[in-house]
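When we follow our numbering, the leftmost residue of the sequence shown carries the number 422, and every step to the right adds one. Cβ coordinates follow ideal geometry from the N, Cα and C atoms, glycine included. Structure first, then comments.
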Amino acid sequence: MQKRIIVGISGASCICLGVRMLETLRKAGAETHMVVTETAKRVLKEETGLSYGEAEKLADKSYDSHDFFAAIASGSFRTDGMVVVPCSMKTLGGIASGNSSNLLLRAADVMLKERRRLVLVVRETPLNLIHIRNMETAALAGAVILPPMPACYTKPETIDDLVTHVLGKVCDQFGIDIGYKRWE
Ligand SMILES: Cc1cc2nc3c(=O)[nH]c(=O)nc-3n(C[C@H](O)[C@H](O)[C@H](O)COP(=O)(O)O)c2cc1C
422 MQKRIIVGIS GASCICLGVR MLETLRKAGA ETHMVVTETA KRVLKEETGL SYGEAEKLAD
482 KSYDSHDFFA AIASGSFRTD GMVVVPCSMK TLGGIASGNS SNLLLRAADV MLKERRRLVL
542 VVRETPLNLI HIRNMETAAL AGAVILPPMP ACYTKPETID DLVTHVLGKV CDQFGIDIGY
602 KRWE
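Now the structure itself:
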């Protein structure tokens, strides 16, 4: 059966990961529902040159980040989970504190209350104690903390190899095999 995945994109660096996530899920045959924070729209343009409108075309459905009447704001809308990629420390803090002040945060809150898969591709370095405690809180509530860590055992040669590895790990969390290079 076709997977339905919510892709939240927040305003952290490496926003190309969010774009590639949408492309990867589409290629894997999944249905994507996208929500992008207001800051992420600006970081998207800054780091990739893509406009929000162009990114929207990569998703099956996209929602205004403040539309609490959207389908993904409700637990009764069936999904296979959500990935926040990249996940800023502000968005992580919002999730950890149960603050549903935008649609991305509300959708993530729904994942936790419904005990559905929530993967947070947290991006910041170095981390302060508040970040670490927020990760602990989110993990205890059921989220998977999946920072975009490179792996060298696959002998990556390009940035694309590193990105594919991270996205492969994310997709594994949803039972989607994108055929990335694994340790055998
Ligand atoms: C170019 C750029 C890169 C940023 N990178 C990060 C980052 O990697 N991690 C982070 O936590 N915040 C980063 N920020 C700061 C966030 O954008 C800021 O905290 C913002 O309030 C996040 O809002 P959002 O989570 O609602 O998108 C960055 C900001 C800019 C302009």
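Contact test: residue i Cβ vs ligand 1 heavy atom, cutoff 6 Å
i: Met510; result: yes
i: Gly432; result: yes
i: Val584; result: no
i: Arg603; result: no
i: Arg544; result: yes
i: Thr469; result: no
i: Val464; result: yes
i: Ala461; result: yes
i: Thr458; result: yes
Between the CA atoms of residue j and residue i - distance to the nearest angstrom
i: Ala433; j: Cys508; result: 6 Å
i: Glu477; j: Arg447; result: 13 Å
i: Glu545; j: Ala461; result: 15 Å
DSSP-derived helix/strand/coil call for residue i
i: Met503; result: strand
i: Thr458; result: coil
Presumed contact (8 Å Cβ cut-off) between residue i and residue j, rounded CB distance
i: Thr445; j: Ile553; result: Their Cβ separation, rounded to whole angstroms, is 29 Å, which puts Thr445 and Ile553 out of contact at 8 Å.
i: Leu438; j: Val584; result: 6 Å
i: Leu524; j: Ser486; result: 5 Å
i: Pro577; j: Val543; result: Between Val543 and Pro577 the Cβ distance is about 21 Å, and since that is not below 8 Å, they are no contact.
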